[in-house]
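Q:
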Amino acid sequence: MFGRRSSDAVEETERLVAQVLRPQAGALNISQELGDDLFRLCYECGLCSGVCPTSYAMPYTPRQVAHMLDMGLDEEVLESKTHWFCTSCYSCMTHCPRGVSIADIMASLKRVELAHGKKGDKSPRFYRAFMDTIRRHGRLHEVELVRRYIGGDVRELQRQARLGLTLWSRGKVALKATDVKDKKAVEAMFRKAEEMGVSS
Amino acid sequence: MKYLFYPGCTLKTTSREYGDSAQAVMRELGVELAELPDWNCCGATVASGVNYLLSLALPARNLALAEQAESDLVAACSGCFVNLVRAKRHTQQSPATREKVNTILAEAGLQYHGTTRVRHLLDVVVNDVGLEAVSERVRRRLEGLRVAPYYGCQIVRPYAEFDDPADPVSMDRLITALGAEAIPYPLKTACCGGVLATTKRDIALKLIGDLMAAARDADCIITVCPLCQLNLDAWQAEAGRRLRVEFGIPVLFFTQLMGLAFGLPESELGLSRHVVSASSLVKKLAPMGIGATAGG
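Protein sequences appear in the order of chains D and A.
Take the first sequence: its letters are residues 628 to 827, numbered as in our numbering.
Take the second sequence: its letters are residues 2 to 297, numbered as in our numbering.
1) Am I right that Ala238 of chain A and Leu206 of chain A are in contact with their C-beta atoms under 8 angstroms? What's the rounded C-beta distance?
2) Thr92 of chain A to Thr199 of chain A, Cα distance in whole Å?
3) Does chain A have any CB closer than 9 angstroms to the CB of Glu821 of chain D?
4) Just to confirm before moving on: does the CB-CB distance between Asp220 of chain A and Leu179 of chain A stay below 9 angstroms?
5) Kindly give me the distance between the Cβ atoms of Val825 of chain D and Ala742 of chain D, rounded to whole angstroms, as I take these residues to be in contact under 8 angstroms.
6) Residues in the segment 92-106 of chain A with C-beta within 8 angstroms of chain D's C-beta atoms, listed in sequence order?
7) Following a CB-centred definition, is Ser658 of chain D positioned closer than 8 angstroms to any heavy atom of the ligand NAD?
8) For Val126 of chain A, which residues in the same chain have their Cβ closer than 6 angstroms to its Cβ, ignoring the five residues on either side in sequence?
9) Residue range of the beta strand (DSSP E) that His121 of chain A falls in?
10) For the segment 32-46 of chain A against the segment 797-816 of chain D, do three or more pairs of beta-carbon atoms, one drawn from each stretch, fall closer than 8 angstroms, so that the two count as touching?
11) Once DSSP output is grouped into helix, strand and coil, what is the label at Leu253 of chain A?
12) Excluding sequence positions up to five away, which residues of its chain have a Cβ less than 6 angstroms from the Cβ of Met628 of chain D?
13) From the DSSP output, read off the bridge partner residues of Pro150 of chain A.
14) Measure the CB-CB distance between His722 of chain D and Leu674 of chain D and report whether it falls below 9 angstroms.
15) Is there a Cβ of chain D sitting closer than 9 angstroms to that of Arg196 of chain A, yes or no?
16) Could you check the C-alpha separation between Ala293 of chain A and Leu258 of chain A for me, to the nearest Å?
17) I want to verify the contact list: residues of chain A whose CB lies under 8 angstroms from the CB of Met720 of chain D, in sequence order.
18) What number of angstroms, rounded off, separates the C-alpha of Arg762 of chain D from the C-alpha of Thr793 of chain D?
19) Contact check, Val704 of chain D vs Leu668 of chain D under 8 angstroms by CB: the rounded distance?
20) So which residues of chain A does Val727 of chain D contact, with C-beta pairs closer than 9 angstroms?
21) Interface residues of chain A around Ser682 of chain D at Cβ under 7 angstroms?
22) Quick check: the segment 711-719 of chain D against the segment 189-196 of chain A, are at least 3 beta-carbon pairs closer than 8 angstroms?
23) Taking DSSP as the reference, what is the three-state secondary structure of Lys3 of chain A?
24) How many Å lie between Ser751 of chain D and Gly778 of chain D at the Cα?
25) Any beta carbon of chain D sitting closer than 9 angstroms to that of Ala149 of chain A?
26) Hey, out of A:Gly110, A:Pro96, A:Val83, A:Gly153, whose CA is closest to Val119 of chain A's CA?
27) Rounded to whole angstroms, how far is the Cβ of Gly210 of chain A from the Cβ of Leu244 of chain A, which I believe are closer than 8 angstroms?
28) Looking at the C-beta of Ile204 of chain A, does it have a partner C-beta in chain D at a distance below 9 angstroms?
29) For a contact defined as C-beta to C-beta under 8 angstroms, what are the partners of Ala166 of chain A on chain D?
What follows is the structure in structure tokens.
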């Protein structure tokens, strides 16, 4: 820089700064899926990570997720499967001083992963099982949910069986589903929503 | 007083004691909870992670049905409550979203115009019926009973509809009105793990262990949400084993505690349906009529 005119240095600096701060759209275009790019407002105070009950176990903390999305690292975030650690407790959303809704970001990451149609582990399996069950009955039928969720997973069957038996002994397990009357309406709503896409 | 009531799926199955006890105590208070005809599942915490518009349209169908009846809609489950409020708010805030949701609802022959008011049962008890009317109904004051009020997440977050999101007090005040002692419970709005009790159990067990340890001095915990109740009740033993503690703390719905104070028969309150038995709790109570402020 020595010996160059100061305006050159200013120009050079501006060019470098512009490069660093230029918002990049990640490969998955999460902001489009979310319907906003409020995560760009994040100034990384980390309150979300502090109040999140499961951030201690997450591959990336909520603060890191917001930052990575801002950097266009959508795919890295998605592959980390951090979103399946979110319980929808909404603590992050209540505490964020910038109005960023991390919980909604986590939900949109779940949608992207499920829409990509990969089979996935227990969490995506549970989400699919739940939606398939309420699509069929209009209401939750817990026995069917558990049956769909377990599939052929014997270990999971053993784990669920104990709880199932306990609840059974307390008269809490309904073997028969109590469906909505207007099942056609529920099915038509599901179909229409699928046609309109999964995003905001 | 009469309300349209949205029981949600669990009040008919794994948390039927919540539905039964809610009906029983509200009847005592002269409030009719009329079930919303042909209600459907609200999508729980799952639908928003699968399809955004559907996660609004499912609760919106119930809102539209209540709107046709020109009535407020009361939910007892915090998950149902937050989804109904969310659908109302999202469709109010964005005309584009409202239009899309109504396109889906049209498939069910319905439209939602945004007028239905959504209430949580706890809100109705504390703010409509009022704690004065509640204490007038008490036939057995719960003197000496130490109760931890556990609100969980979704009754106050992200929408603080009727209480403070960081330090809600509705249930604390209700406990006092029943003659019991509301113990300070710093984790009153902490998360029970929700669906992670099924999909990532180790994490849920840690959260449940924390919640139980903080309530160790309590005779019982009371909750407002079926999933909170199930997680704390069904998994506290396993969470305790990891911490080498035997908790054995009954986890009741707030309506069951009200029913005990009202002197309602235990069969109406479904007290035998819990995993952790509530019988030790019932034994601690004063006999009927003793310490009563009214009725007797």
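Note that CB positions come from ideal geometry on N, CA and C, so glycine has one too.
Here the structure is a predicted model, which is why all the values come from computation and not from measurement.
A: Let's see:
1) As a first step, residue 238 of chain A must be located in the second sequence, where it is residue number 237. As a first step, residue 206 of chain A must be located in the second sequence, where it is residue number 205. Their Cβ separation, rounded to whole angstroms, is 10 angstroms, which puts Ala238 of chain A and Leu206 of chain A out of contact at 8 angstroms.
2) Here residue 92 of chain A is taken as the residue at index 91 of the second sequence, counted from 1. Here residue 199 of chain A is taken as the residue at index 198 of the second sequence, counted from 1. Approximately 31 angstroms between the Cα atoms of the pair.
3) Residue mapping note: residue 821 of chain D aligns to position 194 of the first sequence, counting from 1. Yes, Glu821 of chain D counts as interfacial toward chain A.
4) Here residue 220 of chain A refers to the residue found at position 219 when the second sequence is read from its first residue. Here residue 179 of chain A refers to the residue found at position 178 when the second sequence is read from its first residue. In this structure, Leu179 of chain A does not lie closer than 9 angstroms to Asp220 of chain A by Cβ.
5) As a first step, residue 825 of chain D must be located in the first sequence, where it is residue number 198. As a first step, residue 742 of chain D must be located in the first sequence, where it is residue number 115. Correct: roughly 5 angstroms between the Cβ atoms.
6) Thr98, Lys101, Thr104, Ile105, Leu106
7) Looking for the ligand NAD in the displayed structure turns up nothing, as the structure carries no ligands at all.
8) Residue 126 of chain A sits at position 125 when you count from the first residue of the second sequence. There are no such residues.
9) Residue numbering aside, residue 121 of chain A sits at position 120 when the second sequence is read from its first letter. It spans 119-121 - the beta strand (DSSP E) in which His121 of chain A sits, taken as one unbroken run.
10) yes
11) The residue labelled residue 253 of chain A in the question sits at position 252 within the second sequence. Three-state result, Leu253 of chain A: strand.
12) The residue labelled residue 628 of chain D in the question sits at position 1 within the first sequence. Because Met628 of chain D sits at a pLDDT of 45, beneath the cut-off of 50, its placement in the model cannot be relied upon, and the point is left open.
13) Taking the first residue of the second sequence as 1, we reach residue 150 of chain A at position 149. Answer is A:Ile223, bridged to Pro150 of chain A.
14) On the first sequence, position 95 is the one that residue 722 of chain D refers to. On the first sequence, position 47 is the one that residue 674 of chain D refers to. Against a cut-off of 9 angstroms, the Cβ pair of Leu674 of chain D and His722 of chain D comes out as a contact.
15) Looking up residue 196 of chain A in the second sequence gives position 195. One detail in the question is off: residue 196 of chain A reads as Val in this sequence, not Arg. Chain D contact via Cβ: present.
16) Sequence index remark: in the second sequence, residue 293 of chain A carries index 292 (1-based). Sequence index remark: in the second sequence, residue 258 of chain A carries index 257 (1-based). At Ala293 of chain A, the pLDDT of 48 sits below 50, so the modelled position is not reliable and the matter cannot be decided from this model.
17) In the first sequence, the residue the question calls residue 720 of chain D occupies position 93. The answer, in chain order, is Arg158, Pro159.
18) Translated into the one-based positions of the first sequence, residue 762 of chain D becomes position 135. Translated into the one-based positions of the first sequence, residue 793 of chain D becomes position 166. Their Cα atoms are separated by approximately 27 angstroms.
19) On the first sequence, position 77 is the one that residue 704 of chain D refers to. On the first sequence, position 41 is the one that residue 668 of chain D refers to. The pair is not a contact, with the Cβ atoms about 17 angstroms apart (cut-off 8 angstroms).
20) For the purposes of this step, residue 727 of chain D is taken as residue 100 along the first sequence, with counting starting at 1. In chain order: nothing, as chain A lies at least about 12 angstroms away.
21) If you number the first sequence from 1, residue 682 of chain D lands on position 55. Those within 7 angstroms of Ser682 of chain D in chain A number zero; the least Cβ separation is about 11 angstroms.
22) yes
23) The count along the second sequence starts at 1 and reaches residue 3 of chain A at position 2. Strand.
24) In the first sequence, counting from the first residue as 1, residue 751 of chain D sits at position 124. In the first sequence, counting from the first residue as 1, residue 778 of chain D sits at position 151. Note that residue 751 of chain D is Pro in the sequence shown, not Ser. Going from the Cα of Pro751 of chain D to the Cα of Gly778 of chain D covers about 13 angstroms.
25) The residue given as residue 149 of chain A occupies position 148 in the second sequence. No, Ala149 of chain A does not count as interfacial toward chain D.
26) Within the second sequence, the letter at position 118 stands for residue 119 of chain A. Nearest C-alpha to Val119 of chain A: A:Val83.
27) Position 209 of the second sequence, counted from the first residue, corresponds to residue 210 of chain A. Position 243 of the second sequence, counted from the first residue, corresponds to residue 244 of chain A. With 8 angstroms as the limit, Gly210 of chain A and Leu244 of chain A qualify as a contact, their Cβ atoms being about 5 angstroms apart.
28) Sequence index remark: in the second sequence, residue 204 of chain A carries index 203 (1-based). It does: the Cβ of Ile204 of chain A has a partner Cβ on chain D nearer than 9 angstroms.
29) For the purposes of this step, residue 166 of chain A is taken as the residue at position 165 of the second sequence. It should be pointed out that residue 166 of chain A corresponds to Pro in this sequence rather than to Ala. Near Pro166 of chain A (Cβ distances below 8 angstroms), the residues of chain D are Thr721.
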